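Presented below is the structure to which this report refers.
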Amino acid sequence: MTSRPELQAPPEIFYNDDEARKYTSSSRIIDIQAKLSERAVELLALPDDGVPRLLLDIGCGSGLSGETLTENGHQWIGLDISESMLNIAVEREVEGDLLLGDMGQGLALRPGVIDGAISISAVQWLCNADKSSHEPRVRLRAFFGSLYRCLARGARAVLQVYPENIAQRELILGFAMRAGFSGGVVVDYPHSTKRRKEYLVLTCGPLSLSSATLKAKGEEESCSDEESSEDEEDRTVSVSERHRPKKRQKLNKGKGKGREWVLCKKEQMRRKGNVVPPDTKYTARKRKARF
Amino acid sequence: MRLLTHNMLSSNIKGVTNGFPLRIEVEKMVEKEVELNMDFLKNMFAKVEWRALVEASRSMGYSELPDEADSSMLDSDEFLRKFHHALLELHLEEGALVCPETGRKFPVNKGIPNMLLHEDEV
Numbered sequence: 001m002t003s004r005p006e007l008q009a010p011p012e013i014f015y016n017d018d019e020a021r022k023y024t025s026s027s028r029i030i031d032i033q034a035k036l037s038e039r040a041v042e043l044l045a046l047p048d049d050g051v052p053r054l055l056l057d058i059g060c061g062s063g064l065s066g067e068t069l070t071e072n073g074h075q076w077i078g079l080d081i082s083e084s085m086l087n088i089a090v091e092r093e094v095e096g097d098l099l100l101g102d103m104g105q106g107l108a109l110r111p112g113v114i115d116g117a118i119s120i121s122a123v124q125w126l127c128n129a130d131k132s133s134h135e136p137r138v139r140l141r142a143f144f145g146s147l148y149r150c151l152a153r154g155a156r157a158v159l160q161v162y163p164e165n166i167a168q169r170e171l172i173l174g175f176a177m178r179a180g181f182s183g184g185v186v187v188d189y190p191h192s193t194k195r196r197k198e199y200l201v202l203t204c205g206p207l208s209l210s211s212a213t214l215k216a217k218g219e220e221e222s223c224s225d226e227e228s229s230e231d232e233e234d235r236t237v238s239v240s241e242r243h244r245p246k247k248r249q250k251l252n253k254g255k256g257k258g259r260e261w262v263l264c265k266k267e268q269m270r271r272k273g274n275v276v277p278p279d280t281k282y283t284a285r286k287r288k289a290r291f
Numbered sequence: 001m002r003l004l005t006h007n008m009l010s011s012n013i014k015g016v017t018n019g020f021p022l023r024i025e026v027e028k029m030v031e032k033e034v035e036l037n038m039d040f041l042k043n044m045f046a047k048v049e050w051r052a053l054v055e056a057s058r059s060m061g062y063s064e065l066p067d068e069a070d071s072s073m074l075d076s077d078e079f080l081r082k083f084h085h086a087l088l089e090l091h092l093e094e095g096a097l098v099c100p101e102t103g104r105k106f107p108v109n110k111g112i113p114n115m116l117l118h119e120d121e122v
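In order, the protein sequence lines correspond to chains W and V.
With full-length UniProt numbering as the guide, the letters of the first sequence map in order to residues 1 to 291.
With full-length UniProt numbering as the guide, the letters of the second sequence map in order to residues 1 to 122.
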């Protein structure tokens with residue numbers, strides 16, 4: 001898959017001025033980003049008491065995901081490696097503060113101050129070695145270590161990732177666990193290649209009993225159920241089946257059209273002036289089995 | 001960049017044991033008014049390093065903050081307003097942040113601090 005931007009150039013080079021502008025002016029991307037960050041905030045499961053929190057947006061880019069945080073009433077700090085993207089964020093006058101930094105070098109933040117972190121489509125970049133000095137394992141360790149340190153105890157980090165393959169997902173998750181996080185992966189729409197979205201939901205310290213368990217989206221057969229089910233309290237982590245749900249078979253398959261339909265059709269042809277055989281008791285009658 | 005963010009930032013250069021607080025060098029600063037939210041301030045008060053905030057706001061030319069503060073002062077409206085102003089309304093636009101231990105400068109352009117480290121600093 002050459003369409004993965006991760007395979008084309010390092011992030012600070014791939015997201016140049018042109019790409020940054022393209023990215024932020026595409027309504028499709030804006031829509032996707034908004035949906036992803038909305039879902040990430042939902043998975044953060046911050047207490048519903050109306051108190052604004054200090055959140056971290058890792059790989060904030062032009063601040064599309066940060067806008068969702070602002071809409072939810074939170075203060076945020078955004079980190080990105082692409083200067084062009086951050087310039088666009090400044091132009092768009094986002095409300096959060098922006099930092100130019102490389103998450104693989106560790107987050108330059110004090111311990112225990114952040115109430116939650118989200119990251120939309122960014123962490124998989126860490127698996128690339130774009131410079132000779134880059135060692136993905138070292139960078140992943142630095143990132144998760146510093147993330148763990150700067151989060152308050154019991155805080156969550158929700159990282160939406162596009163891992164290239166299973167090995168990459170396990171690599172990322174492995175380093176998260178080694179840093180001390182507990183948690184796992186929530187997969188939304190596991191049966192769809194396009195809509196499938198993976199979220200690493202990590203909790204700083206052991207899982208507390210109060211923290212709500214999560215339910216992946218898109219497990220239900222019908223699509224209309226999703227919106228209603230997501231607000232309900234039955235949030236449990238569900239293991240997705242490996243096989244796709246069966247397509248619903250046509251109910252009236254093999255029954256044929258019936259006498260009424262044939263008579264109607266014949267009448268139509270007659271009105272057109274075609275030569276049509278007369279209607280008899282044999283019209284549209286089923287053949288005997290010996291035929 | 002607001003002082004809220006400055007208060008959370010710490011230099012993470014390899015070998016630096018205490019990278020906090022970063023000294024502020026101001027070339028240009030702006031003030032932007034934002035709505036005061038008591039709940040947020042109360043939530044943040046426990047996390048903010050007061051000494052660093054006082055120092056930072058002084059270097060930005062705002063010296064109304066008291067030297068010492070404790071949570072009982074959060075009931076005073078006047079204190080909250082000052083705290084709010086220092087934390088969220090003072091923006092560093094151009095200048096630099098200086099690591100207290102190594103003296104390494106992190107330049108700030110258009111309000112964005114450049115925290116990228118050189119290869120030998122990681």
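Think of the CB as a built atom: it goes at the ideal place given N, C-alpha and C, for glycine as much as any other residue.
Everything numeric in this text was worked out from a predicted model, so none of it was measured.
Residue i (DSSP reduced to helix, strand or coil)
{"i": "CYS204/W", "result": "strand"}
{"i": "MET73/V", "result": "helix"}
{"i": "PRO136/W", "result": "helix"}
{"i": "SER192/W", "result": "coil"}
{"i": "PRO5/W", "result": "helix"}
{"i": "SER210/W", "result": "Residue placement at SER210/W is flagged as unreliable, the pLDDT there being 46, under the threshold of 50; a coordinate-derived value is accordingly withheld."}
{"i": "MET29/V", "result": "strand"}
{"i": "GLU95/W", "result": "coil"}
{"i": "GLY104/W", "result": "helix"}
{"i": "ARG58/V", "result": "helix"}
{"i": "PHE20/V", "result": "coil"}
{"i": "HIS118/V", "result": "coil"}
{"i": "CYS60/W", "result": "coil"}
{"i": "VAL275/W", "result": "coil"}
Proximity test, Cβ basis, 7 Å: residue i and chain W
{"i": "SER59/V", "result": "no"}
{"i": "PRO100/V", "result": "no"}
{"i": "VAL122/V", "result": "yes"}
{"i": "LEU117/V", "result": "yes"}
{"i": "PHE83/V", "result": "no"}
{"i": "LYS110/V", "result": "yes"}
{"i": "PRO113/V", "result": "yes"}
{"i": "MET29/V", "result": "no"}
{"i": "ARG2/V", "result": "yes"}
{"i": "ARG104/V", "result": "no"}
{"i": "THR5/V", "result": "yes"}
Counterpart residues of residue i in DSSP-defined beta bridges
{"i": "PHE181/W", "result": "CYS204/W"}
{"i": "TRP76/W", "result": "LEU55/W"}
{"i": "GLN160/W", "result": "ILE120/W, TYR199/W"}
{"i": "ILE112/V", "result": "ASN109/V"}
{"i": "ILE13/V", "result": "DSSP output for ILE13/V lists no bridge partner at all."}
{"i": "GLY95/V", "result": "VAL26/V, VAL108/V"}
{"i": "VAL187/W", "result": "GLU198/W"}
{"i": "ILE114/W", "result": "LEU151/W"}
{"i": "LEU109/W", "result": "LEU9/V"}
{"i": "residue 208/V", "result": "Past the boundaries of the shown model lies residue 208/V; chain V is included only from 1 to 122, so the question cannot be answered."}
Chain V within 7 Å of residue i, Cβ atoms only
{"i": "SER27/W", "result": "no"}
{"i": "PRO52/W", "result": "yes"}
{"i": "ARG110/W", "result": "yes"}
{"i": "GLU221/W", "result": "Bear in mind that a pLDDT of 40 at GLU221/W, under 50, signals an unreliable position, so the number given afterwards is only what the model happens to contain. Not an interface residue."}
{"i": "GLN105/W", "result": "yes"}
{"i": "ASP97/W", "result": "yes"}
{"i": "VAL90/W", "result": "yes"}
{"i": "ILE118/W", "result": "no"}
{"i": "ILE58/W", "result": "no"}
{"i": "ILE13/W", "result": "no"}
{"i": "ILE77/W", "result": "yes"}
Test: residue i CB closer than 7 Å to a CB of chain A
{"i": "ASP102/W", "result": "Structure shown: chain A not included; protein chains present are W and V."}
8 Å contact criterion, which residue i and residue j should meet: CB distance rounded
{"i": "LEU44/W", "j": "CYS60/W", "result": "That pair is no contact at about 15 Å."}
{"i": "VAL51/W", "j": "ASP39/V", "result": "4 Å"}
{"i": "LEU200/W", "j": "VAL187/W", "result": "Going by Cβ atoms, the distance from LEU200/W to VAL187/W rounds to 11 Å, so no, they are not a contact pair."}
{"i": "VAL30/V", "j": "GLU93/V", "result": "5 Å"}
{"i": "ALA155/W", "j": "ASP115/W", "result": "6 Å"}
{"i": "GLY95/V", "j": "LYS42/V", "result": "The Cβ separation is near 30 Å, so there is no contact."}
Within chain W, partners of residue i - CB distance below 7 Å
{"i": "LEU9/V", "result": "ALA108, LEU109"}
{"i": "ASN18/V", "result": "Chain W residues near ASN18/V: none, gap ~11 Å exceeds 7 Å."}
Partners in chain V for residue i, counting only beta-carbon separations shorter than 8 Å
{"i": "SER146/W", "result": "ASN12"}
{"i": "SER133/W", "result": "GLU119, VAL122"}
Neighbouring residues, chain W, relative to residue i (Cβ below 8 Å)
{"i": "GLY95/V", "result": "Residues of chain W passing the Cβ test: none, with the nearest at roughly 14 Å."}
Proximal chain V residues relative to residue i, where beta-carbon distance stays under 7 Å
{"i": "LEU86/W", "result": "ILE112"}
{"i": "VAL113/W", "result": "MET8, LYS47"}
Amino acids of chain W, ordered along the chain, whose beta-carbon sits closer than 9 Å to that of residue i
{"i": "ASP39/V", "result": "ASP49, GLY50, VAL51, PRO52"}
{"i": "MET73/V", "result": "What MET73/V touches in chain W: nothing, since even the nearest Cβ is about 19 Å away."}
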